[in-house]
Structures are given as structure tokens and as C-alpha cells.
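Listed in order, the protein sequences are those of chains P and X. Residues in the first sequence are numbered from 1 upward in steps of one, following UniProt numbering. Residues in the second sequence are numbered from 1 upward in steps of one, following UniProt numbering. Just so you know, even glycine gets a beta-carbon here, dropped at the ideal spot from N, CA and C. Predicted, not measured: the structure shown is a model, and the values here were computed from it. Single-structure report; data block below.
Protein chains: 2
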Amino acid sequence: MAPRCDAVIMSRIEAPRDETTSNLTDRLLAGLPADAVLVDPDVTASYANDMASFCPAGTPAVVVLPRTVEQVQHVMRTATELRVPVVPQGARTGLSGGANATDGCIVLSLTKMDRVLEISPVDRIAVVEPGVVNATLSRAVEEHGLSYPPDPSSWEMCTIGGNIGTASGGLCCVKYGVTAEYVLGLDVVLADGRLMSTGRRTAKGVAGYDLTRLFVGSEGSLGIVVRAVLALKPRPPQQLVLAAEFGSAAAACEAVCRIMAGGHVPSLLELMDRTTVKAVNELTRMGLPESTEALLLAAFDTPDPAADLAAVGELCEAAGATQVVPADDAAESELLLQARRSSLVALEAVKGTTMIDDVCVPRSRLGDLIEGVERIAAKHGLTIGVVAHAGDGNTHPTVCFDAQDPDECRRARESFDEIMGLGLELGGTITGEHGVGVLKKEWLAREIGPVGVEMQRAVKDVFDPLGILNPGKLF
Amino acid sequence: MAPRCDAVIMSRIEAPRDETTSNLTDRLLAGLPADAVLVDPDVTASYANDMASFCPAGTPAVVVLPRTVEQVQHVMRTATELRVPVVPQGARTGLSGGANATDGCIVLSLTKMDRVLEISPVDRIAVVEPGVVNATLSRAVEEHGLSYPPDPSSWEMCTIGGNIGTASGGLCCVKYGVTAEYVLGLDVVLADGRLMSTGRRTAKGVAGYDLTRLFVGSEGSLGIVVRAVLALKPRPPQQLVLAAEFGSAAAACEAVCRIMAGGHVPSLLELMDRTTVKAVNELTRMGLPESTEALLLAAFDTPDPAADLAAVGELCEAAGATQVVPADDAAESELLLQARRSSLVALEAVKGTTMIDDVCVPRSRLGDLIEGVERIAAKHGLTIGVVAHAGDGNTHPTVCFDAQDPDECRRARESFDEIMGLGLELGGTITGEHGVGVLKKEWLAREIGPVGVEMQRAVKDVFDPLGILNPGKLF
């Protein structure tokens with residue numbers, strides 16, 4: 001999702017603005033080119049939201065699109081002087097409202113800072129600006145025989161800066177971990193416009209507190225990332241996929257436990273529950289048997305993936321799989337993954353709207369989570385499909401509802417919350433990879449407790465004493 | 001190194017104490033058993049230092065050895081009320097003075113909190129108390145087919161709490177990363193005695209700021225870790241080692257670059273320079289050829305390590321190796337590793353005393369670092385051997401000197417500092433895995449700059465407003 005309508009440059013004369021906005025715009029224009037400052041309300045309104053449902057968004061006063069670190073510093077100095085809130089944005093593909101505008105804010109879109117500055121195969125690092133699209137980086141490093149593993153579903157659109165802001169995950173995490181594990185160092189513009197470097201460009205380093213990791217996942221509330229040093233991995237062999245059908249979600253979860261306890265390291269281990277399988281069947285006519293109550297997809301990118309798939313296939317059968325289908329090659333693998341890829345679209349087709357939850361539980365509790373979600377769906381009379389990064393215990397229970405039906409909306413929100421409560425009960429977290437944003441801020445306090453909230457707020461105050469950085473998010 | 005002399009319990013009547021210490025001891029004893037409070041000066045003096053050279057240490061007022069979280073909370077509440085500094089300690093194997101006592105402090109030794117509370121093969125986690133020795137945990141998880149990779153040289157003695165405090169590394173890091181990457185969640189007693197939980201026990205989680213990582217490597221300056229949830233890996237196959245001899249350090253570094261740029265993932269990639277090879281030869285009579293100017297050790301724990309070693313052996317030869325010796329089995333591998341294992345002892349034998357530096361540079365600059373260290377050694381007329389976790393660019397230039405010779409001591413310290421300066425010039429860090437402690441605190445400011453120092457100090461103030469947690473370290 002590239003920034004919409006940014007070709008429509010503000011007209012300082014024609015756009016109706018009040019005095020405050022006018023002053024703000026004039027100050028911004030003192031350090032930014034005219035085409036980097038948008039004030040046309042029709043244009044700025046298009047920057048108000050990310051992709052989350054049920055998240056209020058305000059009306060930005062102005063949208064800025066800086067191209068240099070100095071321009072970002074100018075924006076932050078201006079914001080500090082005028083006490084104007086700043087909402088940093090990447091591609092706005094987030095699912096928690098973390099990039100939603102607040103009234104009168106400066107939307108600081110980093111999408112124009114989109115250069116890959118360096119790729120080093122010896123040091124296995126890339127240095128990038130925050131607006132680089134995940135897929136652009138992934139393809140650029142591939143040419144050097146390298147891989148940047150983090151692969152959120154939105155990887156064709158989302159930016160590295162957004163990935164860092166939300167510490168995003170993806171399908172690869174079961175083997176390769178999340179974004180946080182690939183961020184070695186950052187250049188950050190602080191709230192007052194000063195530039196701070198954190199971390200390093202070396203493989204190791206323990207000089208001082210790990211502020212790099214503090215910024216990763218901080219949802220733009222501590223500073224503006226303007227440059228990142230990212231760790232890369234050697235490009236792995238093409239993965240080979242296996243699909244296993246089960247007569248119950250419990251059996252599929254048992255297979256997940258056996259695979260992980262057996263010491264296997266799949267490059268992907270995804271689960272779709274009955275509801276999701278049915279929705280996918282209806283949308284895509286893939287012809288999955290109606291008796292399939294859960295579908296497990298496992299992949300390996302090891303030197304001998306067929307051998308690994310065979311071993312995992314046996315574990316699936318021992319756990320009760322009704323059918324095990326290993327792919328023979330990349331094309332067949334891709335076909336098997338289609339079911340997973342179309343899950344969210346298929347669930348959206350059920351009722352027109354979805355709310356995607358993001359509860360992560362210890363993988364030993366995955367079965368309990370899915371069972372509990374079925375109970376919650378029945379209680380509220382709703383369809384809730386579970387798609388899960390099963391190897392990580394990270395589930396996306398997806399509530400399907402009719403947004404035109406107020407009662408259904410209420411029940412959707414209630415069930416969404418009950419699922420988070422269930423996740424906490426099971427020793428899990430309210431968010432595995434999507435972040436807190438606006439959507440889950442009441443729940444953050446329940447997860448981390450009053451002492452945790454107090455200390456986190458105090459850390460926020462250190463970096464943002466005036467409270468101008470993405471206010472109303474997280475806490 | 002278990003706490004020394006802790007069988008000698010204080011005698012409250014016999015030990016000479018001033019009034020302040022007496023009051024402190026009485027207050028501590030209100031919440032701790034008598035055998036957990038040591039005040040005999042001969043005993044407490046034995047807790048004054050870790051293993052760093054050139055680091056001043058003060059005289060502790062008292063040493064406490066709590067066994068429960070509640071007892072740690074009592075210690076911290078007491079310290080806060082009486083404004084007494086607290087120095088947390090593990091096994092005191094650190095190399096930067098980070099665990100050195102300050103005058104009148106409470107030494108808080110966590111060595112008695114040494115239980116492995118849980119090991120879960122399905123969730124691939126262990127839950128431990130801070131005093132668990134690294135080797136104890138490693139062996140305990142091995143029985144479950146699992147591995148806890150971080151392996152500092154002192155792994156037979158050092159504690160997990162100490163590892164967390166210094167974010168320690170080891171030989172395995174080139175493939176498996178450092179301690180920080182294995183810490184999922186922490187229970188921390190804050191300066192005022194309150195208990196805070198950070199992080200999670202799930203594979204993923206992004207709820208709020210990553211305070212877990214903030215504590216890892218914070219050298220006991222932000223709070224007292226009393227429990228940790230650690231990530232585990234499946235136990236890898238036994239590694240197979242290759243040794244390659246080179247006619248120059250530059251050629252060995254070139255081999256390192258080719259191996260890493262070639263996409264190989266060794267489980268170990270260590271380099272010893274000419275000085276180290278010579279010292280090892282002299283100590284152990286291993287019979288390495290005198291013509292060897294650098295020795296490279298590479299290992300693989302892959303499904304087919306022999307094939308990987310063959311490929312890496314070819315790269316070594318292409319880079320100019322004079323001899324390549326791949327091991328056939330585990331026993332031969334162990335033999336090859338002996339040279340590396342005896343390096344530090346061998347360098348210590350040169351002059352009686354060593355100062356071990358810990359500079360990490362981008363691995364593409366490894367050759368420049370080693371060349372620069374040779375220059376610094378020549379300038380100061382000193383022997384400096386370089387042992388390096390070459391795959392990480394993490395070098396341990398080890399300055400050999402006669403501690404009885406004041407001029408040599410001065411030159412040792414100067415060359416030690418010049419090596420850090422060189423590391424920074426080459427885009428590296430002053431510490432890859434040993435931490436800042438007392439030894440490098442002047443240098444931390446040079447690495448992270450004034451804004452970094454200001455923000456780090458402010459973060460410290462959030463968690464330790466009275467400045468009682470390990471004062472005089474880091475900053």
C-alpha cells in the first residue's frame with residue numbers, strides 16, 4: 001500500500017486551514033520541500049488509518065514525507081517547539097491501529113526514505129532506510145545469496161520501519177525468529193530532534209543498555225527510526241511442504257507437539273482449523289475433504305527436506321492424521337501453501353468483515369486455545385476461524401461479522417477480547433506479532449501488570465517527556 | 001567458582017563492626033536466615049572481585065546469600081531504606097570488574113538460588129533461578145534432547161544470572177548467537193524491592209516495550225534477576241572440526257571472509273594469531289609448525305559435517321592455507337580444539353599476567369584489527385596474542401605483561417586502550433561479550449556518544465532513582 005494520493009500536493013493558498021495549522025505548516029516548510037508537506041484534507045484524511053478494525057482515528061493536521069534524516073529532525077524539532085503530536089507511519093498495513101492518526105497531529109510518513117544503503121555478504125548485514133519495502137529488501141539481498149527472513153503476510157507492501165515499529169513476525173518465525181532478532185543497530189531521531197545511534201554493525205556487542213531492542217516494537221512511541229542495520233542469513237535451499245489432514249484440531253495440535261518435541265526444525269508449521277478449511281474450500285473450490293477438521297502444513301528448507309518431511313509425516317500419522325501429502329517439488333509446495341495464503345481472504349468472505357486476533361500461547365497449550373475459541377464462537381453465535389503459526393503457538397483467531405449489524409459488532413468485539421483473556425489464562429500473550437496499538441491497550445495493562453505499566457510509562461517519559469510521539473497508543 | 005568461604009558464617013558478636021554496618025546487618029537479618037548473612041571481613045573480602053585485571057574494588061559491608069525471591073526483595077527494600085549500594089554477583093568469573101564490590105556495599109550473591117525449575121521439550125524452554133551454573137543447565141537440558149547454546153569459556157563455573165547480566169557469548173555464537181537471544185522472560189526484583197515480570201514464556205510476543213532485553217547486559221544496574229525463562233534448541237549433532245594453518249594472519253582472515261560470504265554456517269570459527277600459536281606450542285608442546293602465522297579452526301554440526309568441512313577446507317586452501325587438517329571423528333575434533341582451549345593459559349604463561357580485551361569488529365575488518373594489534377604491540381614493546389571468535393569478528397587481544405613492573409603495567413593498559421580505539425575506528429565495539437563494568441566505562445561514552453550516554457543514564461534513573469544498584473559500573 002503505497003501512500004495514497006501523495007501526488008496531490010497541498011496548495012498553501014487554496015486549502016482551508018485554521019491559524020494553528022497554518023503556523024505549523026509554515027514552520028514545517030522552513031525545513032522541508034513543498035512537495036513533502038501535504039495539507040489538503042482529502043489527502044491527509046487518506047493517511048488517517050492503518051488496516052485495523054474497531055480502532056478510532058483522528059484527523060491529521062498535516063502529512064509530511066521527508067527524504068532525509070535532517071528533514072525528520074526538522075519535523076521533530078518543530079513538533080517539540082509547537083507541542084504537536086507526531087504519528088509515524090510506514091505502509092499502514094498494521095493491524096492494531098498503531099499508525100492511526102490523532103486529531104491535529106503531524107503524520108510522519110517514512111515511505112519516501114526508501115533506499116537500501118548497503119548490502120555486505122561478508123558481514124551479512126544490510127543498511128536501510130525505514131521506508132524500504134520488505135519485499136524490495138528481500139529481493140535485493142537474494143541477489144547476493146542472502147536472505148532477510150522476517151516475512152509478515154503484508155511483505156509485498158509493508159516497510160522495514162513499520163516492521164521494526166511493530167516487531168513483526170511471519171511464517172518463517174518458527175525457524176528464523178522475528179524482526180527483532182535481525183535488528184543490530186538503529187539511527188533514531190528523538191522527540192526533540194536530536195539524532196541517536198544505538199547498537200552496532202558487528203555480529204556481537206554488549207556496550208551499554210540494549211536500546212536497539214527497546215525501540216523495536218515500540219510502535220513509534222519512543223523515537224523515529226531513520227536508518228537500520230539489519231542482520232542477514234545465507235539464502236536457504238528452496239523449502240518443501242507437506243500437508244496433513246486431521247479429524248480433529250486436538251490431533252493436529254498433538255502432531256505439532258510431537259514434531260517440536262522430536263527436535264525437528266521446520267521452516268514453516270502452520271495450522272488451519274475446521275472453520276478456516278471450510279471457508280477456504282468455499283472460496284477457492286480447492287476440494288479439501290469435508291471431513292477435514294484441521295489442516296497442518298509443515299515445510300523444511302534443509303539439505304534433505306524430503307527426509308525431514310517423511311519423518312514429520314510419520315509423526316502426523318502417529319498423532320492421527322487422516323491423510324499426509326508431501327510435495328515433490330517447489331511447484332507442488334506452492335500449491336499446498338495456497339490454502340494457507342487464502343485463509344484470511346476466505347474468512348473475510350464469510351461475513352464481509354473480520355477482526356484478526358494475535359494471541360500467542362506456549363505451543364503445548366495450542367489445543368486448549370483452539371478448543372476455547374470454538375467455545376467462545378458458539379457462545380456468541382459467531383464464526384471464528386483459527387489460522388495459526390502453530391510452531392510458535394501464535395494464533396490468529398479471526399472473528400467474522402457483519403459490520404452493518406451493531407449487535408454482531410458488539411459480540412465480535414466481546415469475543416475478540418475473550419480470546420485475549422483465554423490466551424493470558426493459558427500462559428500466553430495478547431499479541432505475538434501485531435502489536436498493541438490502539439486495539440489492545442486496555443489489555444496490555446492486564447498482561448504486564450501495574451508495576452510493568454509504571455516502568456514502561458517511565459521509560460516512555462525518558463524518550464518523550466512531552467508526550468508528542470504517537471500518543472494514545474500502547475498505554 | 002563457587003562462593004568462597006561461605007561456610008564461614010558470621011558471628012554477630014565476634015566480628016568487629018561499626019554502627020552503620022551493625023544496623024544494616026540487623027535489618028538484613030530480620031528477613032534472612034543467619035547463614036545467609038556474612039560479615040566476617042576475611043570472608044566478605046573474598047567477594048570483592050571478579051576476574052578482571054586493573055579494576056579497583058571496594059570493601060563490602062556485608063555479603064548476603066538469599067535463597068528465595070522474598071529474601072531478595074527484603075534485601076532490596078533494606079538497601080533502599082538505608083540507601084546502601086548493592087552489588088549483585090554470580091560466580092564472579094566476569095572480566096570487566098562488573099561484579100566488583102564498592103565500599104560499604106551489600107554484596108548480593110545469587111549463587112544459592114540455583115534451581116532448574118522447569119524444562120519443557122515441547123515448548124523448548126527452561127525456567128531457572130539465576131544461580132544455576134551454565135554447565136548444570138546445559139547438561140540438564142541435554143537429557144531431554146535439547147541444548148542451551150550460550151557457552152562462555154567459564155561455562156563450567158559461571159551462572160545463568162551472570163550470563164544474563166553481561167549478555168555473555170562464547171564459541172557457539174557464530175551459529176547460535178549470544179545469551180540475549182535465549183532470554184524470553186525475566187522476574188526482576190526492582191531497586192525498591194518490588195517484583196516485576198518481563199517478557200513471556202511463548203515463542204513470540206510483542207506486548208509493550210522489550211524490558212527483558214533491556215535487563216540483559218545491564219550488569220546488575222537496573223534490577224536483580226531472580227528467575228529467567230530461557231529458549232532452548234534441539235540438541236545438534238556432534239560437531240566435526242577442521243584446522244587450517246596459514247602463512248599470514250591476513251590469509252586466515254581472507255579465508256574467514258570467503259567462508260562467511262560463501263553462505264556457510266559453521267558452529268565454530270576461531271582464529272589464533274602467530275603469538276598465540278607460539279605460546280600454545282611452548283606451553284603444550286603440540287608441535288605446530290613454527291612457520292604457522294595463524295591457525296583457523298572451523299566446525300560444523302550439520303547433518304553432513306564432513307562435506308561442509310571439505311568445502312571450507314577448499315576455501316582455506318584457495319585463501320592460502322599451508323595445511324588443512326579435517327578431523328575424522330569427535331575425538332580428533334576434541335584434540336584440534338585443545339590448541340584453542342589452552343590459548344589463554346598459554347598467553348598467561350608468557351609474562352605471568354594478562355589483560356584480555358574484547359573488541360568486536362565487522363568480520364570484513366578482522367585482518368585490519370589483527371594487523372593493528374601487531375603494530376600496537378611493537379610500539380609498546382609488548383607481547384599481545386590475538387584469539388578471535390573469527391566468525392563473529394569478536395577478538396580477544398590478550399596483553400601479556402609483568403604485573404611487578406610498573407612501566408610494563410602502564411604500557412599494558414595503554415595498549416589495551418589503543419586496541420579499543422582501533423576497534424571503534426574499524427566500525428566495531430569496545431566489547432563483544434565481556435561487558436563494560438569498571439574496566440571500560442570511560443570507553444562506553446566514546447562508543448555511544450553524549451546523546452546515548454544521556455538517554456542510557458536516564459533509563460538507569462527510571463529503575464534505580466537512588467543510584468544504589470551496582471554504582472560506578474557502566475557509566
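(request) Use the C-beta contact count for glutamate 19/P: other C-beta atoms within 10 angstroms, 16 or more gives buried, fewer gives exposed. (result) exposed
(request) Using a threshold of 8 Å, state whether the C-beta atoms of leucine 24/X and valine 64/X are closer than that. (result) no
(request) Under the assumption that alanine 339/X contacts valine 280/X (Cβ atoms under 8 Å), give the Cβ distance between them as a whole number of angstroms. (result) 5 Å
(message) Can you give me the C-alpha to C-alpha distance between arginine 235/X and aspartate 114/X, rounded to a whole angstrom?
(response) 23 Å
(request) With residue 499/X as the anchor, note down where its beta strand (DSSP E) starts and where it stops. (result) Residue 499/X lies beyond the residue range present for chain X, which begins at 1 and ends at 475; the question has no answer from this structure.
(message) Can you look up alanine 91/P in the DSSP assignment and give me helix, strand or coil?
(response) coil
(message) Taking only three categories from DSSP, how would you classify asparagine 163/X?
(response) helix
(request) Buried or exposed for lysine 175/P, please, with buried defined as at least 16 other CB atoms from any protein chain shown within 10 angstroms of its CB. (result) buried
(message) Between the alpha carbons of proline 326/P and cysteine 172/P, how many angstroms are there, rounded?
(response) 19 Å
(request) Please list the residues of the segment 423–448 of chain P that have a C-beta atom closer than 7 Å to any C-beta atom in chain X, keeping them in chain order. (result) Gly427, Gly428, Thr429, Ile430, Thr431, Gly432, Glu433, Gly435, Val436, Leu444, Glu447 and Ile448
(request) Look at the alpha carbon of leucine 380/X and the alpha carbon of alanine 412/X, and state the distance between them as a whole number of angstroms. (result) Reading the sequence as shown, one finds histidine at residue 380/X and not leucine. Cα to Cα, histidine 380/X sits roughly 8 Å from alanine 412/X.
(message) Does chain X have any CB closer than 8 Å to the CB of glutamate 181/P?
(response) yes
(message) Quick check on the DSSP output: the alpha helix (DSSP H) that includes threonine 44/P runs from which residue to which?
(response) 41–45
(message) Would alanine 52/X and glycine 97/X be called neighbours here (beta carbons separated by less than 8 Å)?
(response) yes
(request) Report the option in Gln456/P, Gln323/P and Ala458/P whose CA atom is closest to the CA atom of alanine 251/P. (result) Gln323/P
(request) Can you have a look at glutamine 456/X and say buried or exposed, based on whether 16 or more other CB atoms are within 10 angstroms of its CB? (result) buried
(message) I'd like the list of long-range same chain contacts for leucine 288/P, defined as Cβ closer than 8 Å, with 5 residues on each side in sequence excluded.
(response) Glu245, Val277, Val280, Asn281, Leu295 and Ala339
(request) Express the C-alpha separation of glycine 427/X and valine 69/X in angstroms, rounding to a whole number. (result) 42 Å
(message) What does the Cβ neighbour count give for glutamine 89/P, buried or exposed, with the cut at 16 atoms within 10 Å?
(response) buried
(request) Report yes if the CB atom of asparagine 394/X is closer than 8 Å to the CB atom of alanine 203/P, and no otherwise. (result) yes
(request) Would you list the one or two residues that DSSP bridges to aspartate 273/P? (result) Ala294/P
(request) Give the DSSP bridge partners of serine 109/P, in chain order. (result) Gln89/P
(message) Strictly below 8 Å CB to CB, what residues from chain X border residue 545/P?
(response) Because chain P in this structure spans residues 1 to 475, residue 545/P falls outside the shown range and cannot be described.
(request) Determine, using beta-carbon pairs with one atom in the segment 181–201 of chain X and one in the segment 213–229 of chain X, whether at least three such pairs fall under 8 Å. (result) yes
(message) I'd like the list of long-range same chain contacts for glutamate 408/P, defined as Cβ closer than 6 Å, with 5 residues on each side in sequence excluded.
(response) Phe401 and Asp402
(request) List the endpoints of the continuous alpha helix (DSSP H) containing arginine 227/X. (result) Unbroken run through arginine 227/X is the beta strand (DSSP E), 224–231; no alpha helix (DSSP H).
(message) If distances are taken between C-alpha atoms only, which option among Ala261/X, Leu230/X, Ala191/X and Gly320/X comes closest to threonine 78/X?
(response) Ala191/X
(request) Take valine 438/X as the anchor and find which of Glu418/X, Pro121/X and Gly58/X has the nearest alpha-carbon. (result) Gly58/X
(request) Specify the secondary structure class of glutamate 282/P as computed by DSSP and reduced to three states. (result) helix
(request) Taking all protein chains shown into account, decide if valine 345/P is buried (16 or more other Cβ within 10 angstroms of its Cβ) or exposed. (result) exposed
(message) Suppose contacts are defined by Cβ-Cβ distances below 8 Å. Is alanine 390/X in contact with leucine 269/X by that definition?
(response) yes
(request) Take every Cβ of the segment 344–361 of chain P, pair it with every Cβ of the segment 251–264 of chain P, and state whether three or more of those distances are shorter than 8 Å. (result) no
(request) State the DSSP-derived secondary structure class of serine 53/P, mapped to helix, strand or coil. (result) coil
(request) Would you tell me roughly how many angstroms separate the C-alpha atoms of aspartate 461/X and methionine 272/P, rounded to the nearest one? (result) 47 Å
(request) Please name the residues in the segment 260–278 of chain X whose beta-carbon is closer than 9 Å to at least one beta-carbon of chain P, in chain order. (result) Met260, Ala261, Gly262, Gly263, His264 and Val265
(message) Could you compute how far the alpha carbon of arginine 365/X sits from the alpha carbon of glutamate 425/X?
(response) 10 Å
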